[in-house]
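In the numbering used here, the protein residues as written are 105 to 590.
Quick reminder that beta carbons are idealized off the backbone N, C-alpha and C, glycines included.
Just so you know, these numbers come straight off a predicted model, no measurement behind them.
Inspection log for the structure reproduced underneath, given as structure tokens.
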């Protein structure tokens, strides 16, 4: 029978066949012919929406699927696909409502729970994500992907043992699941089982040679074991596979002594300290001999008298600096990129306010709100200090203080050491302070910590903002830093 003589039911059947074979332009024309006969045909509206979705036309896709939902509000699959479209369109609240409706209508669909979990994870509702993934694994115990998703969130929460069991369940279902192998390797590496971690990474790369994350992780393991050349090979391959992999670009710049980026990538810093959170205090103060908060507190006593007022701890970590300054603060707040470090700081019960986020953004949000800004061992992950100083200038009240530590290094500005930490020259700090309206009240050389048994020399600074508002800062020209010396 010709298309012209087909009934609308046959037209819909033809459209679905064309859609399934990838002929979406033909499918669209046929869906529209069906809708010309029956404008409220829910399946045709829904499937036309999926044609738009396949093309990336998210607004049109959402419009058509919403029309389908209006006709058939009790269809779980319509609500589910509407949630997928809205999630991709950057409308998390609307997507959440659609996913929840899909789950309510068809609670036995594992995919619905899984995608709701993904949305919760993306929006920071981690406990809700765990609950959704657990529901998905109960409904689909042989689906490797949902086990990996559950394991990933548990791993981010520091629940490595539970995460490892999830990855092993995934591998029982799908032994060549590269992401499960890679993530299991990361857990084993964090636990100190380096041989087993290496085996997992190697297996992951055999299963999926183009998995950039496995190259990055294996490179990190090799670097930690002293195989610099092997690490470089895997880092280079990771960056080739994923050219926007900022974390790997940063690590490569440190290893090669190349021109340093302005700062360490936020995701890199957050992940580094999330995995470091549990043993952070003992390792830093015990193994590495870290005493910077106490030294900054002593420096501040020598520079200023009387109550401090409102204090913001930049890169607060687990709260070691907060402990040192709690007695001087009428109100103590902290901000850090690492959610797990902030959780540890919250357990101390010394902060009046804690936030997860970028320090420059936190400073800009509240102009003239602070009497003291504290950055103990935070600026070692920032090369170009100009944005931090400018934001500090706006956030401090007139006469306020900026206390911080930096590692010593370079001659003109800053350098990125092979260890992945920045060092700064005193001349650079002084010039930048002056351009932002700060007076250098103290500059002291000190040993900040140990690294591989050697002292790490640094600078301790106490800067005071002028009593009168400073003019808009004009920053000194940045010069290319010299290559790292070690």
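Can you list, in chain order, the residues of its chain with a C-beta nearer than 7 Å to that of residue 206? Leave out the 5 residues immediately preceding and following it.
180, 183, 184, 187 and 216
Would residue 174 and residue 155 be called neighbours here (beta carbons separated by less than 9 Å)?
no
Entirely enclosed alpha helix (DSSP H) segments - the stretch 347 to 387, minimum 4 residues
Here the runs fully enclosed are 350 to 360 and 370 to 380.
Are residue 377 and residue 421 close, meaning C-beta to C-beta below 9 Å?
Yes; because the gap between Cβ atoms is below 9 Å, this pair is in contact.
Just to confirm, is the Cβ distance from residue 356 to residue 340 under 9 Å?
yes
Extent of the continuous alpha helix (DSSP H) run through residue 153
Annotation for residue 153: the continuous alpha helix (DSSP H) segment containing it runs 146 to 158.
Might you give, ordered along the chain, the residues of its own chain that have their beta carbon closer than 8 Å to the beta carbon of residue 555, omitting 5 neighbours on each side?
392 and 523
Rounded to whole angstroms, what is the Cα-Cα separation between residue 370 and residue 565?
Counting only the Cα atoms, residue 565 lies some 24 Å from residue 370.
On the CB-based measure, 16 or more other CB atoms within 10 Å of its CB, does residue 515 come out buried or exposed?
exposed
Using 8 Å as the cut-off, can you tell me whether the stretch 517 to 531 makes contact with the stretch 499 to 507, which would need three or more C-beta pairs spanning the two stretches below that distance?
Output reads no: the stretch 499 to 507 does not touch the stretch 517 to 531.
Could you tell me the alpha carbon to alpha carbon distance between residue 227 and residue 540, rounded to whole angstroms?
36 Å
What would DSSP say about residue 295, mapped onto helix, strand or coil?
In the structure shown, residue 295 sits in coil (DSSP, three-state: anything other than H, G, I, E or B).
Beta-carbon proximity of residue 484 to residue 510, cut-off 9 Å
yes
Going by C-alpha to C-alpha distance, which of 553, 568, 423 and 177 sits closest to residue 456?
423
Could you tell me whether the Cβ atoms of residue 289 and residue 305 are closer together than 9 Å?
yes
Taking just the CA atoms, how far does residue 247 sit from residue 307?
20 Å
Whole angstroms are fine: how far does the CA of residue 219 sit from the CA of residue 242?
15 Å
For residue 286, which residues in the same chain have their Cβ closer than 8 Å to its Cβ, ignoring the five residues on either side in sequence?
Counting only residues of its own chain and dropping the five nearest sequence neighbours on each side, residue 286 has a CB closer than 8 Å to the CB of 304, 305, 308, 315, 317, 318 and 321.
According to DSSP, is residue 394 helix, strand or coil?
DSSP places residue 394 outside both helix and strand once states are collapsed to three, so it counts as coil.
Within its chain, find whatever has a CB closer than 6 Å to the CB of residue 526; leave out the 5 residues flanking it on each side and keep chain order.
484, 487, 518 and 520
When DSSP labels each residue in this structure, what does residue 557 get in the three-state scheme?
Coil, per DSSP.
Apply the 10 Å Cβ neighbour rule to residue 344 and answer buried if 16 or more other Cβ atoms are within range, or exposed otherwise.
Residue 344 is exposed by the Cβ-count criterion.
Measure the alpha-carbon distance for residue 558 versus residue 464 and round it to whole angstroms.
32 Å
Mind checking residue 432: buried by the 16 CB within 10 Å criterion, or exposed?
Residue 432 should be labelled buried.
Does residue 443 pass the burial test, meaning 16 or more other C-beta atoms within 10 Å, or should it be called exposed?
buried
Environment of residue 177 [buried if 16+ CB atoms lie within 10 Å]
exposed
According to DSSP, is residue 498 helix, strand or coil?
helix
Could you tell me which whole alpha helix (DSSP H) segments of length 4 or greater appear in the stretch 261 to 319?
264 to 277, 282 to 294 and 298 to 311
Taking the alpha carbon of residue 508 as the point to measure from, which residue in 446, 440 and 403 has its own alpha carbon closest?
403
Would you mind giving the Cβ-Cβ distance between residue 172 and residue 153, rounded to the nearest angstrom? I have them listed as a contact below 8 Å.
Indeed they touch by this definition, with Cβ atoms about 7 Å apart.
What do you get for residue 397, buried or exposed, if any count of 16 or more other CB atoms within 10 angstroms of its CB means buried?
buried
Check for me: the beta strand (DSSP E) holding residue 418 runs from which residue to which?
Element bounds for residue 418: 413 to 418.
Could you pull out every residue in the same chain whose Cβ sits closer than 6 Å to the Cβ of residue 446, ignoring the five residues on either side in sequence?
Correct list, in chain order: 440, 458 and 460.
Since residue 189 contacts residue 157 with CB under 8 Å, what's their CB separation in whole angstroms?
6 Å
According to DSSP, is residue 436 helix, strand or coil?
strand
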